[in-house]
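These notes are about the structure you will find just below.
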Amino acid sequence: MPLTMTQLKISDAEFAERNERLLAIIDELGLSGLVLFDADYIKYYTGFAFIPTERPMAYAVSGGGERALFVPRLELEHAQSMSIIDRVAHYPEYPDLNHPMHVLVDLVKDMGIDAKIGADSDGYPWVFGYRGDALSQLTGGEVINCRAPIEDQMMVKSEAEIALLKESCKWGNLAHMLLQNYTRVGVGEVEVSQRASDEATLMMLETIGPIWRGNSAWFTGAIAGYRGQIGRNAAIPHALTSNIKFQAGDVLVTGASAAVWGYVSELERSMILGAPSDEQKRMFDHMLNLQTIAMEALEPGKPCSAVDREVRAYFDAHDLLPYWKHHSGHTIGLRYHEGPFLDIGDDTAIKAGMVFTVEPGLYVPELGGFRHSDTVLVTDSGAEMLTYYPRDLASLTLPA
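According to this note's numbering, the sequence shown holds residues 956 to 1355 in order.
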């Protein structure tokens, strides 16, 4: 059966359910209302996707359930198209003769949000050169940070969110397949990454184009690349694209994803260009064991820290701690990094419906980095891999 628009987006009914939870937060904390500035929070509760800049934007919800967007003039018609919004307040531009925050204060006071105010931050964050007074200073009200209950809600994904993440995995898989096919000695990473990403995106548009939206400020379509993690640079977990030319013997660490209505997955693989050396084989095998341990440890009720402890026990048992650099994974959804984290410092209980990246890695300065990452759904019975690209060394060894 072909996908329909309702199957490949978050419905207005689900947005309404999410907002009912916001009202519950307002009630539980005895707030007059909530003001959210974070772009991902706004997208989560309204579907309104925008590029955050120095121009402040916000989503306000009163204790009585009235919902309003606060935007600059350039976003007015876009905001007015959001069907679940009751009203939109706007200002001409930032900076302007009248600071935009004064318009926001007028809006929230008119909505009855004027005493104990819930917010994700005390005013619009100072980004892209923005400057402005705190919300508490402008309103005279007490501002209560409400990030924790909002993040708690976002941690557990609905059936519709899981469907979008699965769709993202599908097109990330295609982009990665093309990336692997086009990688060869003497070619640059930018050329290969761009070719694979463009072709995968065009195939996605031909297949689901009428019912697809990216809704992401950071991803355009399907993507796959190396981000500079090539050869010895693969030992830098968060390297940057450098247009490195591939050479025989390189260890390669990849990344692939696709934005689908704002939701993104994560697929990463370690590949070897040419016949792997004994030491490359050894580190690859250890990395694969580490990832398998983490995947098998995911189960409802277990603290996230327990998963990372099992992974670190393997590092310790095999004298690999000098090559450890980061936690074993994180949740993912509207953000490519979300909490909770598979780390010994995070005791959040794992729940069915959470979607994690599972990505313990090994980083050897003179050899390279070894990291697979898969997007994994926690179910009542354990873990279900949503990504499905081959993980074995033979499938990931490229001809030189």
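Even glycine gets a Cβ: it sits at the ideal position worked out from N, Cα and C.
Nearest-angstrom Cβ-Cβ length linking residue i and residue j, presumed shorter than 8 Å
{"i": "Gly-1323", "j": "Ala-1155", "result": "That pair is no contact at about 25 Å."}
{"i": "Leu-1297", "j": "His-1285", "result": "7 Å"}
{"i": "Pro-1007", "j": "Ala-994", "result": "4 Å"}
{"i": "Met-1242", "j": "Gln-1135", "result": "With a Cβ gap of about 18 Å, Met-1242 and Gln-1135 do not count as contacting."}
{"i": "Ile-1287", "j": "Arg-1267", "result": "Contact doesn't hold; Cβ gap of about 22 Å is too wide."}
{"i": "Ser-1220", "j": "Leu-1157", "result": "Between Leu-1157 and Ser-1220 the Cβ distance is about 19 Å, and since that is not below 8 Å, they are no contact."}
{"i": "Leu-1332", "j": "Glu-1339", "result": "5 Å"}
{"i": "Ile-1305", "j": "Gly-1256", "result": "7 Å"}
Contacts around residue i, its chain only, beta-carbon distance under 6 Å, and the 5 residues preceding and following it disregarded
{"i": "Pro-957", "result": "Low per-residue confidence applies at Pro-957: pLDDT is 42, beneath 50, and the placement is therefore not dependable, though the value from the model is reported in the following sentence. Excluding sequence neighbours, Pro-957 sits near nothing in its chain."}
{"i": "Ser-1091", "result": "Asp-1077, Val-1098"}
{"i": "Arg-976", "result": "Gln-1108"}
{"i": "Tyr-1343", "result": "none"}
First through last residue of the beta strand (DSSP E) which encompasses residue i
{"i": "Leu-989", "result": "988–991"}
{"i": "Ile-1363", "result": "Residue 1363 lies beyond the stretch modelled for the chain, which goes from 956 to 1355, so this question has no answer here."}
{"i": "Asn-974", "result": "It is not in any beta strand (DSSP E) - Asn-974 instead sits in the alpha helix (DSSP H) that spans 967–983."}
{"i": "Val-1206", "result": "1206–1208"}
{"i": "Tyr-1014", "result": "1013–1017"}
{"i": "Ser-1225", "result": "1225–1228"}
{"i": "Glu-1314", "result": "That residue, Glu-1314, is in no beta strand (DSSP E); it is neither H nor E in DSSP."}
{"i": "Glu-1097", "result": "1097–1100"}
{"i": "Ala-1034", "result": "No beta strand (DSSP E) holds Ala-1034; the alpha helix (DSSP H) holding it covers 1031–1035."}
{"i": "Leu-1024", "result": "1022–1027"}
Residues near residue i by beta carbon distance below 7 Å, same chain, minus five either side
{"i": "Val-1262", "result": "Ala-1249, Ala-1252, Leu-1253, Ser-1283, Leu-1297"}
{"i": "Val-1319", "result": "Ala-1190, Met-1238, Tyr-1278"}
{"i": "Asp-899", "result": "For the chain, the structure presents residues 956 to 1355; residue 899 sits outside this window and is missing."}
{"i": "Met-960", "result": "Reliability of the predicted coordinates at Met-960 is poor, the pLDDT of 46 falling under 50, and no value is obtained from them."}
{"i": "Arg-1102", "result": "Asp-1075"}
{"i": "Glu-1106", "result": "Gly-1294"}
{"i": "His-1400", "result": "Examination of residue 1400 is not possible in this model, given that the chain is present from 956 through 1355 alone."}
{"i": "Leu-1245", "result": "Val-1266, Tyr-1269, Pro-1315"}
CB of residue i within 8 Å of CB of residue j, strictly
{"i": "Thr-1330", "j": "Leu-1222", "result": "yes"}
{"i": "Pro-1027", "j": "Met-1056", "result": "no"}
{"i": "Ile-997", "j": "Arg-1022", "result": "no"}
{"i": "Glu-1144", "j": "Gly-1180", "result": "yes"}
{"i": "His-1131", "j": "Arg-1224", "result": "yes"}
{"i": "Thr-1312", "j": "Pro-1258", "result": "no"}
Bounding residues of the alpha helix (DSSP H) (the contiguous stretch that carries residue i)
{"i": "Val-1111", "result": "Note, Val-1111: premise wrong, no alpha helix (DSSP H); not H, not E."}
{"i": "Arg-1187", "result": "Run containing Arg-1187: none; DSSP gives neither H nor E here."}
{"i": "Phe-1239", "result": "1233–1252"}
{"i": "Thr-1330", "result": "No alpha helix (DSSP H) contains Thr-1330, which is instead part of the beta strand (DSSP E) from 1329–1334."}
{"i": "Glu-1146", "result": "1144–1163"}
{"i": "Val-1058", "result": "1055–1065"}
{"i": "Lys-998", "result": "994–1001"}
{"i": "Val-1266", "result": "1259–1272"}
Cβ neighbours of residue i in the same chain (closer than 8 Å, five flanking residues each side left out)
{"i": "His-1033", "result": "Phe-1003, Phe-1005, Val-1026"}
{"i": "Lys-1071", "result": "Leu-984, Gly-985, Leu-986, Ser-987, Gly-1096, Glu-1097, Ile-1099"}
{"i": "Ala-1044", "result": "Ala-1023, Leu-1024, Phe-1025, Val-1026, Val-1058, Leu-1059, Asp-1061, Leu-1062"}
Any non-hydrogen atom of the ligand SAM closer than 7 Å to residue i Cβ
{"i": "Leu-1289", "result": "As for the ligand SAM, it is missing from this structure, which has no ligand bound."}
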